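52 is the number of the first residue of the sequence shown in our numbering; add one for each residue after it.
Cβ coordinates follow ideal geometry from the N, Cα and C atoms, glycine included.
All figures in this text were calculated on a predicted structure; none of them were measured in a lab.
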Amino acid sequence: MSLLNKKNLKQIQTIAHELERILDEDTDEKVMAFTEDKEIKHLLEQINRTLEDRQNANAGYRRSELNTKRMLSNISHDLKTPLTVIIGYLEMLLMQETLEKDMVKKVSYKANELKEQIDQFFTLAKLEAGDTVLTMSKINLNEFCRETIIDFYNILTEKEFEVNINIPDPPVFVYADREALGRILNNLISNAVRYGDAGHYLGLTLRMEDNFVCVDVIDHGKGIAYSEIPRVFDRLYTLEDSRNREIQGNGLGLTIAKSLAEKISGTLTLKSIQNEETVFTLKLQQFNY
Numbered sequence: 052m053s054l055l056n057k058k059n060l061k062q063i064q065t066i067a068h069e070l071e072r073i074l075d076e077d078t079d080e081k082v083m084a085f086t087e088d089k090e091i092k093h094l095l096e097q098i099n100r101t102l103e104d105r106q107n108a109n110a111g112y113r114r115s116e117l118n119t120k121r122m123l124s125n126i127s128h129d130l131k132t133p134l135t136v137i138i139g140y141l142e143m144l145l146m147q148e149t150l151e152k153d154m155v156k157k158v159s160y161k162a163n164e165l166k167e168q169i170d171q172f173f174t175l176a177k178l179e180a181g182d183t184v185l186t187m188s189k190i191n192l193n194e195f196c197r198e199t200i201i202d203f204y205n206i207l208t209e210k211e212f213e214v215n216i217n218i219p220d221p222p223v224f225v226y227a228d229r230e231a232l233g234r235i236l237n238n239l240i241s242n243a244v245r246y247g248d249a250g251h252y253l254g255l256t257l258r259m260e261d262n263f264v265c266v267d268v269i270d271h272g273k274g275i276a277y278s279e280i281p282r283v284f285d286r287l288y289t290l291e292d293s294r295n296r297e298i299q300g301n302g303l304g305l306t307i308a309k310s311l312a313e314k315i316s317g318t319l320t321l322k323s324i325q326n327e328e329t330v331f332t333l334k335l336q337q338f339n340y
């Protein structure tokens with residue numbers, strides 16, 4: 052092999068390595084190499100044109116994806132307004148003594164159920180569009196957990212759940228967004244009530260783990276198959292197959308809870324033994340200042 056060919060080969064190898072790095076790192080760079088060989092120059096121009104086309108396509112896809120997410124966010128917002136008005140009228144009708152009161156009550160329940168699903172959709176759309184604004188503050192997690200579980204008193208009583216609350220007296224503080232934290236806990240408790248109905252048990256435990264605070268939400272329902280656990284937090288994945296086929300869900304609640312947990316620098320994990328116990332654990336850094 053001639054000296055010239057060896058030189059060309061080395062330049063081509065350098066170009067190949069640089070191209071591989073750009074593709075692996077998914078950057079907007081071009082392959083830069085100095086050469087006097089016309090064929091290699093031509094090859095370099097073709098590679099860089101192809102890279103530019105790829106980068107433009109990726110940028111277009113990202114813009115399209117962002118626009119779609121914002122459009123979905125706007126649609127869900129537009130749906131919420133008339134539904135809120137309908138619920139208001141239904142509440143007014145429920146105050147009146149009419150023969151159709153039971154029917155109105157059922158319609159009102161379904162309307163509120165639909166509103167909750169739209170709220171979940173709206174929250175996820177905002178999260179994915181990057182439009183969620185968090186206001187972080189010091190929060191007494193003991194009080195926050197107690198206040199949250201009280202909101203479920205009526206449904207837990209109606210479903211005859213055994214409720215076991217284990218929240219220590221010494222105050223434990225975290226640094227988080229109140230709305231995000233409330234949404235996480237509400238979604239986890241709602242999930243436990245929905246899918247743990249067979250066991251009629253709900254547990255909520257606040258505990259310390261090193262410098263972290265853990266909130267465990269526990270149910271004794273049918274549990275989740277081990278093979279399904281990695282998919283539970285996926286968007287639009289529902290637990291019907293592994294938990295209860297008769298229960299309908301929109302598959303967004305746990306996705307939202309995990310995404311919000313990460314937004315406030317926490318984690319959300321799951322352990323489940325079928326027909327025994329399912330535990331969702333929210334883990335946050337303790338705030339000591």
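| Among the residues of its own chain, which have a CB less than 6 Å from the CB of F212, if the five just before and after it don't count? | H251 and L253
| Among R234, F195 and V225, nearest to K334 - alpha-carbon criterion | V225
| Is the distance from the Cβ of F284 to the Cβ of V244 below 9 Å? | no
| request: Please find out if some non-hydrogen atom of the ligand SAM comes closer than 8 Å to the beta-carbon of I218. | output: Questions concerning the ligand SAM fall outside what the structure shown contains, since it holds no ligand whatsoever.
| query | For E327, which residues of its own chain have a beta-carbon under 8 Å away from its beta-carbon, when the five flanking residues on both sides are left out? | reply | H271 and G274
| Just how far apart, CA to CA, sit L232 and A312? | 8 Å
| task | Just list the beta strand (DSSP E) runs in the stretch 240 to 279, keeping only unbroken ones of 3 residues or longer that don't cross its boundaries, in chain order. | result | 252 to 260 and 263 to 270
| query | Does DSSP put T78 in a helix, in a strand, or in coil? | reply | coil
| query | Less than 9 Å separating the beta-carbons of K210 and Y340? | reply | no
| request: Using a threshold of 9 Å, state whether the C-beta atoms of I315 and D228 are closer than that. | output: yes
| task | For T329, count neighbouring Cβ atoms within 10 angstroms of its own Cβ and tell me buried if that reaches 16, exposed if not. | result | buried
| field | Closest residue to D75 among T86, M187, F195 and L102 (Cα-Cα distance) | value | L102
| query | Under the three-state reduction of DSSP, which class applies to M146: helix, strand or coil? | reply | coil
| message | I need the straight-line Cα distance from D77 to P219, nearest angstrom please. | response | 49 Å
| request: Report all residues from its chain with a CB closer than 8 Å to the CB of T135; omit the five preceding and five following residues, and keep chain order. | output: K166
| Taking DSSP as the reference, what is the three-state secondary structure of L328? | Residue 328 is actually Glu in this sequence, not Leu. DSSP places E328 in strand when its eight states are reduced to three.
| field | Reference R258; option with closest CA among Q337, L175 and G304 | value | Q337
| Candidates E71, K309, I66 and D79: which alpha carbon is nearest K92's? | I66
| request: Measure the C-alpha to C-alpha separation of I206 and D248 and round it to an integer number of angstroms. | output: 11 Å
| Taking just the CA atoms, how far does R197 sit from N109? | 47 Å
| field | Cutoff 8 Å; reference I324; Cβ partners in own chain excluding five residues on either side | value | G274
| task | Would you kindly work out how many angstroms separate the C-alpha atoms of S278 and A84, rounded to a whole number? | result | 49 Å
| Can you name, in chain order, every residue of its own chain whose Cβ lies under 8 Å from the Cβ of I240, other than the five neighbours on each side? | T199, I200, F203, L253, L255 and V268
| query | Run through DSSP, which three-state label would I298 get? | reply | Caution is warranted here: a pLDDT of 41 is assigned to I298, below 50, making its placement in the model unreliable, and no coordinate value can be reported.
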